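S.K.: The following block contains the structure, expressed as structure tokens.
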Amino acid sequence: MSMTTLKTQDSMTTSAVKTTTALATPTTLTLAKSITAALRQSMLDDPKVVLLGEDIGALGGVFRVTDGLLAEFGANRVIDTPLAESAIIGTAVGLAYRGYRPVCEIQFDGFIYPGFDQIVSQVAKLHYRTQGAVKMPITIRVPFGGGIGAAEHHSESPEAYFTHTSGLRVISVSNPQDAYSMLRQAISLDDPVLYFEPKRRYHVKGEVSPVLGESMEKAVIVAPGTDVTLVTYGPLVPTARDAALAAADEGVSVEVIDLRSLAPVDYATVEASVRKTGRLVVTHEAVRSGGIGGEIIASITERCFNYLEAAPVRVTGWDIPYPPAKLESHHLPDLDRMLAGVDRVMGR
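First residue of the sequence shown: 1, per the UniProt record's numbering; consecutive thereafter.
Spelled out as structure tokens, the structure:
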């Protein structure tokens, strides 16, 4: 599609689009439909917001997250692309140069690698390379993680690759409200954002308010505690909350923190918790080596060494390629492995 064709969208106003589907009051939605609502509201608010991705238009996405948006906004703003992630991201870069706010969907986590060069060499650096003259308001949606019985390339957790890349914001959602609020915040920013959404939590329901609430860079305490700090994000937040409840039955008070933002990390919230509890466990689905857990532990140890009662512990996926579906339950951190991590820092 040419820039000339897209330019015809500049004259589109929200009055020309059906507004009955906008989220106006608190509504119970699944996490997936919360993302749909955020995309829709962002497109209503700004005609420069365009969507790009494989099968996002006529099909509505493989997870139906973009279902209905093609009919509502048209093919100029909901663009079905070839199966070429490098081209998707590269096209988004060109659109950003022309003043658009592209939202790219990477169909599955493991498909992001062909677009890696565009993301780390262009998207992350163009603002700095041009001394601030060019902005890259690009949001890249990445359904990620395991738990759906799929093979490699469909169940991976590549977030640490991008937290290592300066110039990118990286966030991960765990519930419907955050899925809505944080995506709307991401799209409105002039910075590039990688938005990691947990596939296995797509059907989790919750009340979603149109009020955006907490900044997407702020970590949130989802369960207060006094003995152990358990830090996680994305798909493992519900599991960590369950682990805290189970630990309480054994007399251990676990404080669970949902990071929400992986780059930058809200270290102030984590540090305050560890200064209180003296013990830290970090858990994520991604492999252990070179992961976000190791970086958080290193940073918190530098900040809170004199407050630690025990060496911090990581509970992660194993350092192997993603296993076949019948073995993924042995690979992914679960409640028992989290409790074992808690026991370890408690010296039990």
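Every residue gets a Cβ at the ideal spot worked out from N, C-alpha and C, and that includes glycine. Predicted model, so just to flag it, every value in this text is computed and none were measured.
(1) Where in the segment 105-172 do unbroken runs of the alpha helix (DSSP H), each at least 4 residues long, occur, reported from the N-terminal end onward?
(2) Under 7 Å between the Cβ atoms of Ser34 and Val208?
(3) Identify which residue in Tyr322, Ile119 and Arg201 has its Cα closest to the Cα of residue 351.
(4) Short of 6 Å in beta carbon distance, which residues of its chain neighbour Gly149, apart from the five on each side in sequence? Order them along the chain.
(5) Hey, how far is the Cα of Asp10 from the Cα of Pro198?
(6) Going by beta-carbon coordinates alone, are Asp57 and Asp80 separated by less than 7 Å?
(7) Please name the residue in Thr316, Pro264 and Arg279 whose C-alpha comes closest to that of Ala286.
(8) Can you name the start and end residues of the alpha helix (DSSP H) that Leu69 belongs to?
(9) Roughly how many angstroms lie between the CA atoms of Leu212 and Gln185, to the nearest whole one?
(10) Are the CB atoms of Ile171 and Ser261 nearer to each other than 7 Å?
(11) How about Val228 and Val345: are their beta carbons less than 7 Å apart?
(12) Candidates His331, Leu39 and Asp336: which alpha carbon is nearest Leu183's?
(13) Relative to the C-alpha of Val49, which candidate in His164, Val65 and Val78 has its C-alpha closest?
(14) Looking only at its own chain, which residues have a Cβ that is under 6 Å from the Cβ of Ser181, when we skip the five neighbours before and after it?
(15) Straight-line CA distance for Met338 to Glu217?
(16) Work out the CA separation of Lys276 and Met43 for me, nearest whole Å.
(17) For the candidate residues Gly68, Val193 and His154, whose alpha-carbon lies nearest to that of Val93?
(18) How far does the alpha helix (DSSP H) with Asp45 in it reach, from first residue to last?
(19) Tell whether a beta-carbon distance below 7 Å holds between Ala179 and Leu31.
(20) What are the start and end residues of each continuous beta strand (DSSP E) run of 3 or more residues lying completely inside the segment 299-324, in chain order?
(21) Which one of Ala223, Asn175, Ser215 and Ile187 has the shortest CA to CA distance from Arg201?
(22) What residue ranges within the segment 225-308 form continuous alpha helix (DSSP H) runs of no fewer than 4 residues, ordered along the chain?
(23) What is the C-beta distance between Asp117 and Ser166, in whole angstroms, given that I count them as a contact (C-beta under 8 Å)?
(24) At what residues does the beta strand (DSSP E) containing Leu52 begin and finish?
(25) Name, in chain order, the residues that DSSP records as bridge partners for Glu328.
(26) Taking all protein chains shown into account, do 16 or more other C-beta atoms lie within 10 angstroms of the C-beta of Ala24, making it buried, or fewer, making it exposed?
(27) What did DSSP end up calling Arg184 once you bin it into helix, strand or coil?
(28) Between the C-alpha atoms of Thr36 and Asp46, what's the straight-line distance to the nearest angstrom?
(29) Do the CB positions of Ile296 and Val282 come within less than 7 Å of each other?
(30) Can you name the start and end residues of the alpha helix (DSSP H) that Val78 belongs to?
(31) With H, G and I counted as helix, E and B as strand and the rest as coil, what does DSSP make of Gly90?
M.R.: Taking the structure as given:
(1) Counting whole runs of 4 or more residues, the segment 105-172 contains the alpha helix (DSSP H) stretches 126-129 and 159-163.
(2) Indexing the sequence shown from 1 puts residue 34 at position 34. Indexing the sequence shown from 1 puts residue 208 at position 208. Val208 is positioned such that its CB atom lies closer than 7 Å to that of Ser34.
(3) The requested residue 351 does not occur in the structure, where the chain is confined to residues 1 to 348.
(4) Here residue 149 refers to the residue found at position 149 when the sequence shown is read from its first residue. Result list for Gly149: Ala325, in chain order.
(5) Taking the first residue of the sequence shown as 1, we reach residue 10 at position 10. Taking the first residue of the sequence shown as 1, we reach residue 198 at position 198. Since pLDDT at Asp10 reaches only 34, below the 50 mark, its modelled position is unreliable, and the value read off the structure follows with that caveat. Approximately 33 Å between the Cα atoms of the pair.
(6) Here the question's residue 57 lines up with position 57 in the sequence shown. Here the question's residue 80 lines up with position 80 in the sequence shown. With the sequence shown as reference, residue 57 is identified as Gly, and Asp is not the correct amino acid for it. Yes, Cβ-Cβ distance for Gly57 and Asp80 is below 7 Å.
(7) Position 286 of the sequence shown holds residue 286. Residue Thr316 is the option with its Cα nearest to Ala286.
(8) One-based indexing of the sequence shown puts residue 69 at position 69. It spans Leu69 to Phe73 - the alpha helix (DSSP H) in which Leu69 sits, taken as one unbroken run.
(9) Mapped onto the sequence shown, residue 212 falls at position 212. Mapped onto the sequence shown, residue 185 falls at position 185. Each residue's alpha carbon lies about 8 Å from the other.
(10) Working through the sequence shown from its first residue, we reach residue 171 at position 171. Working through the sequence shown from its first residue, we reach residue 261 at position 261. Yes, these two residues count as a Cβ contact at 7 Å.
(11) Your numbering for residue 228 matches position 228 in the sequence shown. Your numbering for residue 345 matches position 345 in the sequence shown. With contacts defined by Cβ atoms closer than 7 Å, Val228 and Val345 form a contacting pair.
(12) What you label residue 183 is simply residue 183 of the sequence shown in a count that begins at 1. Comparing Cα positions, the closest option is Leu39.
(13) As a first step, residue 49 is located in the sequence shown; it is residue number 49 there, counting from the start. Ranking the options by Cα distance to Val49, first place goes to Val78.
(14) The residue given as residue 181 occupies position 181 in the sequence shown. Contacts found: Leu212 and Gly213.
(15) Stepping through the sequence shown from its first residue, residue 338 is reached at position 338. Stepping through the sequence shown from its first residue, residue 217 is reached at position 217. Those two C-alpha atoms are separated by around 25 Å.
(16) Counting from one through the sequence shown, the residue named residue 43 turns up at place 43. Counting from one through the sequence shown, the residue named residue 276 turns up at place 276. Near 43 Å, if we compare the C-alpha coordinates of Lys276 and Met43.
(17) By one-based count along the sequence shown, residue 93 stands at place 93. The option with the nearest alpha carbon to Val93 is Val193.
(18) As a first step, residue 45 is located in the sequence shown; it is residue number 45 there, counting from the start. Segment Leu31 to Asp45, the alpha helix (DSSP H) holding Asp45.
(19) One-based indexing of the sequence shown puts residue 179 at position 179. One-based indexing of the sequence shown puts residue 31 at position 31. Yes, the Cβ-Cβ distance between Ala179 and Leu31 is below 7 Å.
(20) 313-317
(21) In the sequence shown, counting from the first residue as 1, residue 201 sits at position 201. Among Ala223, Asn175, Ser215 and Ile187, the Cα nearest to that of Arg201 is on Asn175.
(22) 237-249, 267-277 and 292-304
(23) As a first step, residue 117 is located in the sequence shown; it is residue number 117 there, counting from the start. As a first step, residue 166 is located in the sequence shown; it is residue number 166 there, counting from the start. Contact annotation, Asp117 with Ser166: C-beta distance approximately 16 Å; criterion of less than 8 Å not satisfied.
(24) For the purposes of this step, residue 52 is taken as the residue at position 52 of the sequence shown. From DSSP, the beta strand (DSSP E) with Leu52 extends over Val49 to Gly53.
(25) Locating residue 328 in the sequence shown gives position 328, counting from the first residue. Partner(s): none; Glu328 has no beta bridge.
(26) The count along the sequence shown starts at 1 and reaches residue 24 at position 24. By the 10 Å Cβ count, Ala24 comes out exposed.
(27) In the sequence shown, residue 184 corresponds to position 184, counting from 1. Correct three-state label for Arg184: helix.
(28) By 1-based counting over the sequence shown, the position of residue 36 is 36. By 1-based counting over the sequence shown, the position of residue 46 is 46. Between Thr36 and Asp46, the C-alpha separation is close to 16 Å.
(29) As a position in the sequence shown, residue 296 is number 296, starting the count at 1. As a position in the sequence shown, residue 282 is number 282, starting the count at 1. Yes, Cβ-Cβ distance for Ile296 and Val282 is below 7 Å.
(30) Translated into positions along the sequence shown, residue 78 becomes position 78. Looking at the DSSP string, Val78 is not in any alpha helix (DSSP H); the run it does join, the beta strand (DSSP E), is Val78 to Asp80.
(31) For the purposes of this step, residue 90 is taken as the residue at position 90 of the sequence shown. Three-state result, Gly90: helix.
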